[in-house]
Every structure is written in C-alpha cells, then in structure tokens.
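Student: Numbering (full-length UniProt numbering), first residue to last: 1 to 393. All residues carry an ideal CB built from backbone N, CA and C; glycine is no exception.
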C-alpha cells in the first residue's frame, strides 16, 4: 500500500479530525455546502413543490431554476455558521409570531453565561424542541447549542447539509451489528464530551430516542450509559456520578399548549394498539418537521433546571433526577386539564382554575377535528403529563 493510497489518506483525515463524519460543519466548509445546496435538484424540487406547485407541475425545469436563484439570494452574505443561524433566527421570530400565543422561558438566568452545558430535554417535536432552546439562548445573548439528531432523519443529502449547517451532529441509529453500534456510540460519546470539555460548546440531547408520542416523558438510562462511555474509557475508575458531573447536565422541560402533530401521533398510537405495528410512509419525519413549524402551537413554556452533581451511582439514578426536574418544570396548560377532564380519568387531579370559555372553545374545536376512533389516543397525549406529575403513570 502506497503512502498516498485512499485508505491511508482517509486514515490521516480521521486522525486529524476524528469526528468529521458526525460533527456540525465548520465555518471554512460553509461556502462549499451552500453552493452544493443551491444546485441540489432534490432540494430545489422540494422547494418548488411547496412554493411553486403549479409551475413545478407544468415547467419543472423553470421552477427549479427559479428556486435555485431564490436559494442563492437567501444565502448571499452567509459566510459562517453564525451567519446561517442568524438567518434562521428571523424565521424563528416569524414562526413564533404567527403560530404561537406566547413563548416563556424560566431558569436560564440562573445558569452561567460562559459555561458549556449538556441540555437534556423531553422530546415532543423533531426540530422545534432544540430550536426553542436555541431561540431562548439567542434572546439571552448566549451561544447556541450543538444539536443531536438521529441519522434516520437524514434520508437526503440536502437534509444532512442543512442540519449540519445548523450545528447538528449525527446520532447513529442505522449501524448494523453490535460491534458497529458500540463503536458508533463510543464515537458519539467522545464527541459530546469533547464539545463540552474541550470546545466549551453546549449540546442539546433528547432524553430518549424518538418523540414521546403518548405525552409520557421518561429518560432512557441507555442514553446516560452512552454519555459516560468516553470518560470511563479514559478512566475506568470514574463513577457514573463523576462522568455526569463533568458534562454539566441540565434538564430542560418543553411544554406545548397544542401539538401540531397530535393527530398523526394519535394515528400511530392507535395503529400500534390495534395492529401491533406502525409503518411510516416515505419522508414522514420530514413532513412532521414541516407540520410542527407551520402548525398552531398556542403557548409554549421552556424551563431550564439545575445542573446535576456527582451524587449519582447509576444511570437509573441520573435518569430519575432528569425526570424529576423535567416533570417539575413542565407547564400544564388548559389543554392538559381539559383533556384529563374529557378522558374521565383521575377527576381529583383536574384543576380548572383560570380556564376561560375561550380555552374551552378552542379545545372543543380541536377535539372535533380528531377522527372519533383516535380521540382517546389524542386525549391521552395531553392528559398524561398531569398524571405523570402526580405519579399516576
């Protein structure tokens, strides 16, 4: 094998940048990625289907050319990841203005401005959960987070590019075999630890794989085990508590008054109950991302908890503390109380204080749009947070 053979060259790149395949893009890569996106036929076709559906049908080449010009115009002057995120901030402001009634943040002011944290939150929306964390940090004048995203969502090269431009890094879910999966999670653990302890850059991670479609927020201890792998690989005597304290884990609660994807989630829950399985259609996750962004959400509450200390002797103990803080900081909106009332469960837990006729009317209108056979599953998504807070689940 020669010194400049492909395998050796790849090894050299891996040694110089061991996280190149999973990390977000660097500033010096932005120009190349944006040029690639502006000429990506699948991205341009997706944009024309959304923005220029008639023209796309009758003259797809012209529609694609117009979309390419629009993309190049939109990213003109974008030379860094920060520039790209500032463009996104404008869209976030518009989305909050048009699809929410209020956006409230609590607890962030108690965290140090110049400390890197591992924010672990409950998971309701594929893209908006970390986006709202980022927006809260942006409003507070703080640096945004690096976002963990499953490779199952990166079905198209342009989606991969867009996500990694937005400071996302890749969580392996498609690795085949135990050995490959172990290696992938060791690399992921090492990257998260490197980001927090070397780069001093905060990270966002969901408390479990996949959204909590039933409204029950629980941390998967396997996530905690993954997080401790890097430290314990370097120091086999390190305890779980030591590894977690080093990462400065901060639980975050995200509460939506209404979930734009609630009917689709109810359909999935119903299918799992009646058929024992649910088969996603092609690009369903991408459609869910779009639905979450453009759909009505009502009020939103984001609560930042307190950093976990080293007083934990197992992944289960860490998970329990994250759950305690997530549930404790979770805002129960009228939609949650009214869903519990409509379900007929736990009447002693229902609190209708402050619920207005307008709240009831909005809830009634939403419920009437849900197919009859899905209503119990729809109601459960909103009622379960009340039951969880009371320890009834």
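What residue from 203, 333, 105 and 191 has the CA that sits closest to residue 297's CA?
Tutor: Checking every option, the nearest Cα to that of residue 297 belongs to 333.
Student: From residue 214 to residue 160, what distance separates their C-alpha atoms?
Tutor: One C-alpha to the other measures close to 28 Å.
Student: Quick one: give me the first and last residue of the alpha helix (DSSP H) that residue 328 is part of.
Tutor: First-last of the alpha helix (DSSP H) with residue 328: 315-329.
Student: From what residue to what residue does the alpha helix (DSSP H) around residue 240 run?
Tutor: First-last of the alpha helix (DSSP H) with residue 240: 240-247.
Student: Quick one: grab the DSSP three-state call for residue 301.
Tutor: DSSP places residue 301 in strand when its eight states are reduced to three.
Student: On a Cα-Cα basis, can you pick out the residue from 177, 246, 362 and 291 that is closest to residue 416?
Tutor: No information on residue 416 is available, as it lies outside the stretch 1 to 393 that the chain covers here.
Student: Whole angstroms are fine: how far does the CA of residue 61 sit from the CA of residue 301?
Tutor: Going by the C-alpha atoms only, they are around 44 Å apart.
Student: For residue 266 versus residue 381, is the C-beta distance shorter than 8 Å?
Tutor: Yes, the Cβ-Cβ distance between residue 266 and residue 381 is below 8 Å.
Student: Do you know offhand how far residue 375's Cα is from residue 264's?
Tutor: The alpha-carbon atoms of residue 375 and residue 264 are separated by roughly 12 Å.
Student: Helix, strand or coil for residue 195, going by three-state DSSP, please let me know.
Tutor: Reduced to three states, the DSSP call for residue 195 is helix.
Student: Assuming residue 169 is part of the beta strand (DSSP E), what are its boundary residues?
Tutor: Segment 168-171, the beta strand (DSSP E) holding residue 169.
Student: Tell me which residues share the same chain as residue 190 and place their Cβ nearer than 7 Å to its Cβ, disregarding the 5 neighbours each side in the sequence.
Tutor: Hits under 7 Å: 230.
Student: Roughly how many angstroms separate the alpha carbons of residue 71 and residue 283, rounded to a whole number?
Tutor: Cα to Cα, residue 71 sits roughly 22 Å from residue 283.
Student: Would you check if the distance between the CB atom of residue 319 and the CB atom of residue 224 is smaller than 8 Å?
Tutor: The answer is yes: Cβ separation under 8 Å.
Student: Could you pull the DSSP bridge partners for residue 206 from this structure?
Tutor: Note: residue 206 sits in a beta bridge opposite 121.
Student: DSSP puts residue 90 in a beta bridge; with which residues?
Tutor: Paired residue(s): none; residue 90 is not in a bridge.
Student: Measure the C-alpha to C-alpha separation of residue 348 and residue 337 and round it to an integer number of angstroms.
Tutor: Approximately 11 Å, taken between the alpha carbons.
Student: Based on DSSP bridge pairs, tell me the residues matched to residue 148.
Tutor: DSSP lists 169 as partners of residue 148.
Student: Could you check whether residue 25 and residue 165 sit closer than 8 Å to each other, using their CB atoms as the reference points?
Tutor: Cβ distance < 8 Å, so residue 165 and residue 25 count as in contact.
Student: Out of 280, 249 and 346, point me to the one whose CA is closest to residue 312's CA.
Tutor: Residue 249 is the option with its Cα nearest to residue 312.
Student: My output table needs one value for residue 140: the three-state DSSP class, helix, strand or coil.
Tutor: Residue 140 falls in the coil class under three-state DSSP.
Student: Please identify the residue among 27, 366 and 54 whose C-alpha is closest to the C-alpha of residue 78.
Tutor: Here the closest residue by C-alpha is 27.
Student: Given 8 Å as the limit, is there contact between the stretch 232-243 and the stretch 99-107, that is, 3 or more CB pairs closer than that?
Tutor: Too few Cβ pairs lie closer than 8 Å, so no.
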